[in-house]
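Numbering (the numbering used here), first residue to last: 22 to 504.
As structure tokens, the structure follows; a few thoughts come after it.
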Ligand code: ADP
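See the structure below:
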């Protein structure tokens, strides 16, 4: 492959357990491919339960020293990790585009976004405050302290190969927890490069291990080993439910960032050009493969045709191609399975009466044309299921109440968006939407300073912001009597 890195040592082909870079016990490997052309990039170890259990034991052993350090010491190490990520931004972005497919500009952006979580939680490491509570009897004093949960497991997806790791490792390490990470098998190189930089930043051995390989075998060990006190997962609702069940056996704490089915409502009084701009970024970023991507556009009758025309025109202008090529704004889908799901959703919608305004077809390989569908109906699969591809179905509504009811008519509750000007309606709709995050006249809401997470079957817990570190801390109540 032609991938040239300024620092080739960032490209690791071994996993990292207890500070050592190693192969699987039996030497087995997984091939990683470039989704843009299917070419092989290289291999990583195919590990299983045995190697995972060693990583967990190492995390447990390293935990005592790590939690006893001051927040300031942990902060200094995390800060160096953040700086190393930015210093190596170009290499990390090139690696990400090669294994994930997203355009280079998006990969660079993700490395910046990923690094921002390490910076943020480096700062938060010093601000884990407790509480004092007036006692319930004259001779009693009450203090609440916060302590690290202990060994944490993280299982992360391929759509954000770097940021979904730092959003978990940042707060975990800041809080004084240790972590065993299982990255997605499609995108392990980004994960391993981050672990190497963590090592260079001074993260002690065992504090962050990365185990690549069989999801079921590694996941089975991470969820059943009693030394693991918490699991943080980002991925599909389907797998999240399996992991929740598996965690029940040892009553682990969990954070779950699962699927979404984001509505994007356009009211009659919206600034239509702004709405189209927001629609493009919320729908087509990462070729539609993000859990906060708009899945359903709900457009009010009075602006439906104008919005459809403008969105279709903009979608037709998007350049599809290899993420490493200049000018590309939409890369390939991750694999053939992803493409098939998109095709099935579009075929189902067409069968039930949707009109293709633009796109509606695969472009060879894993590429799918940016697509806008008019006359979408709630009985279509595309209304109920996450498409995870570059398809924008437009549903028509007449009243505000109808829009909110349609938006909430899903088991998911991650992100929602709406465009409108009337201030009273803005508040009513924002409060009425059953979602964890709402973009109001805004299509891009992710930032390390705000709490990211969902309600209903979209998950448990919040990542990022001043709230994010709480997911890695336990409250302990001290009652002092006999005063
Ligand atoms: P996506 O749709 O993003 O691929 P998945 O939920 O399939 O979502 O995958 C997210 C992560 O979960 C990946 O790291 C994947 O390897 C892992 N995973 C998938 N199945 C299991 C499982 N049964 N146990 C543990 N991890 C799993």
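A virtual CB, placed ideally from N, CA and C, is assigned to each residue, including glycine.
Residue 423 to residue 456 span [Cα, whole Å]: Along the chain shown, read from residue 1 onward, the residue named residue 423 stands at position 402. Along the chain shown, read from residue 1 onward, the residue named residue 456 stands at position 435. Rounded to the nearest angstrom, the two C-alpha atoms are 17 Å apart.
When every heavy atom of ligand 3 is checked, does at least one fall within less than 6 Å of the C-beta of residue 260? What this structure holds is ligand 1, not ligand 3.
Taking residue 23 as the reference, give the member of 173, 104, 217 and 116 with the closest Cα. The residue given as residue 23 occupies position 2 in the chain shown. When each option's Cα is compared against that of residue 23, the closest is 116.
Look at the alpha carbon of residue 274 and the alpha carbon of residue 169, and state the distance between them as a whole number of angstroms. Mapped onto the chain shown, residue 274 falls at position 253. Mapped onto the chain shown, residue 169 falls at position 148. The alpha-carbon atoms of residue 274 and residue 169 are separated by roughly 12 Å.
Starting from residue 101, trace the alpha helix (DSSP H) in both directions and tell me its first and last residue. Locating residue 101 in the chain shown gives position 80, counting from the first residue. That run of the alpha helix (DSSP H) goes 92 to 108.
Simplified DSSP state of residue 465, which is helix, strand or coil: Working through the chain shown from its first residue, we reach residue 465 at position 444. Here residue 465 carries a coil assignment [DSSP, helix/strand/coil].
In three-state terms, what does DSSP make of residue 152? Indexing the chain shown from 1 puts residue 152 at position 131. Three-state result, residue 152: strand.
Proximity winner among 278, 219 and 228, relative to residue 86 (alpha-carbon distances): One-based indexing of the chain shown puts residue 86 at position 65. Of the candidates 278, 219 and 228, the one whose C-alpha sits nearest the C-alpha of residue 86 is 228.
What span of residues does the alpha helix (DSSP H) with residue 298 cover, start to end? As a working mapping, residue 298 is identified with position 277 in the chain shown. 293 to 305 is the extent of the alpha helix (DSSP H) around residue 298.
Which of helix, strand or coil DSSP assigns to residue 210: In the chain shown, residue 210 corresponds to position 189, counting from 1. Helix.
When the distance is taken between beta carbons, is residue 323 closer than 7 Å to residue 289? Residue 289 sits at position 268 when you count from the first residue of the chain shown. Residue 323 sits at position 302 when you count from the first residue of the chain shown. Yes, these two residues count as a Cβ contact at 7 Å.
What span of residues does the alpha helix (DSSP H) with residue 140 cover, start to end? The count along the chain shown starts at 1 and reaches residue 140 at position 119. Counted as a single uninterrupted DSSP element, the alpha helix (DSSP H) harbouring residue 140 occupies residues 125 to 145.
If I'm right that residue 83 touches residue 199 with Cβ under 8 Å, what's the distance once you round it to whole angstroms? By one-based count along the chain shown, residue 83 stands at place 62. By one-based count along the chain shown, residue 199 stands at place 178. Confirmed, Cβ separation roughly 5 Å.
Kindly indicate which residue of 96, 163, 186 and 471 has the alpha-carbon position closest to the one of residue 149. Sequence index remark: in the chain shown, residue 149 carries index 128 (1-based). Comparing Cα-Cα distances from residue 149 to each of 96, 163, 186 and 471, the minimum goes to 96.
Would you mind working out which of 44, 286 and 486 sits nearest residue 8, comparing C-alpha positions? Since the first residue of the chain shown is 22 and the last is 504, residue 8 is not available in this structure.
Less than 7 Å separating the beta-carbons of residue 120 and residue 53? As a first step, residue 120 must be located in the chain shown, where it is residue number 99. As a first step, residue 53 must be located in the chain shown, where it is residue number 32. A contact, by the Cβ cut-off of 7 Å.
For residue 256, which residues from the same chain have a beta carbon less than 6 Å from its beta carbon, with the 5 sequence-adjacent residues on both sides left out? Position 235 of the chain shown, counted from the start, is the residue given in the question as residue 256. Within the same chain, residue 256 has close Cβ partners 178.
Would you say the stretch 208 to 217 touches the stretch 250 to 269, given that touching needs at least three Cβ pairs under 8 Å? Not touching, per the Cβ criterion.
Contact between the stretch 401 to 411 and the stretch 304 to 313: three or more CB pairs below 8 Å? Remark: three or more beta-carbon pairs, one from each stretch, lie closer than 8 Å, so the stretch 401 to 411 and the stretch 304 to 313 are flagged as touching.
In the DSSP assignment, find the unbroken alpha helix (DSSP H) run with residue 268 in it and report its ends. Walking along the chain shown from the start, residue 268 turns up at place 247. Segment 258 to 269, the alpha helix (DSSP H) holding residue 268.
Is residue 297 near residue 465, with beta carbons less than 7 Å apart? Start at 1 with the first residue of the chain shown, and residue 297 comes out as number 276. Start at 1 with the first residue of the chain shown, and residue 465 comes out as number 444. Their beta carbons are not under 7 Å apart, which means residue 297 does not touch residue 465 by this criterion.
Roughly how far, in whole angstroms, is the beta-carbon of residue 191 from the beta-carbon of residue 138, given that I think they are within contact range, below 8 Å? Walking along the chain shown from the start, residue 191 turns up at place 170. Walking along the chain shown from the start, residue 138 turns up at place 117. That belief holds up - the Cβ atoms of residue 191 and residue 138 are roughly 4 Å apart, short of 8 Å.
Taking the beta strand (DSSP E) that residue 278 belongs to, which residues open and close that run? Sequence index remark: in the chain shown, residue 278 carries index 257 (1-based). It spans 274 to 278 - the beta strand (DSSP E) in which residue 278 sits, taken as one unbroken run.
Kindly indicate the opening and closing residues of the alpha helix (DSSP H) around residue 429. In the chain shown, counting from the first residue as 1, residue 429 sits at position 408. Taken as a continuous stretch (DSSP letters only), the alpha helix (DSSP H) holding residue 429 covers 421 to 429.
Grouping DSSP H, G and I as helix and E and B as strand, with all else coil, what is residue 241? Within the chain shown, numbered from 1, the residue matching residue 241 stands at position 220. DSSP places residue 241 in helix when its eight states are reduced to three.
Should residue 347 go down as buried or exposed, given a rule of 16 or more other Cβ atoms within 10 Å for buried? Working through the chain shown from its first residue, we reach residue 347 at position 326. Around the beta-carbon of residue 347, fewer than 16 other beta-carbon atoms lie within 10 Å, marking it exposed.
Output the distance between the C-alpha atoms of residue 66 and residue 202, rounded to the nearest integer angstrom. Residue mapping note: residue 66 aligns to position 45 of the chain shown, counting from 1. Residue mapping note: residue 202 aligns to position 181 of the chain shown, counting from 1. Looking at the backbone, the Cα of residue 66 and that of residue 202 are separated by about 14 Å.
Is it the case that the CB of residue 507 approaches a heavy atom of ligand 1 more closely than 6 Å? Beyond the ends of the chain as shown, which are 22 and 504, falls residue 507; an answer cannot be given.
If we ignore side chains and look at the alpha-carbon of each, how far apart do residue 185 and residue 484 end up? Translated into the one-based positions of the chain shown, residue 185 becomes position 164. Translated into the one-based positions of the chain shown, residue 484 becomes position 463. Roughly 10 Å between the two C-alpha positions.
Those residues which DSSP pairs with residue 400 across a bridge: Numbered from its first residue, the chain shown carries residue 400 at position 379. DSSP output for residue 400 lists no bridge partner at all.
Anticipated Cβ contact below 8 Å, residue 142 with residue 490, distance rounded: In the chain shown, the residue the question calls residue 142 occupies position 121. In the chain shown, the residue the question calls residue 490 occupies position 469. About 6 Å separates the two Cβ atoms, so the contact holds.
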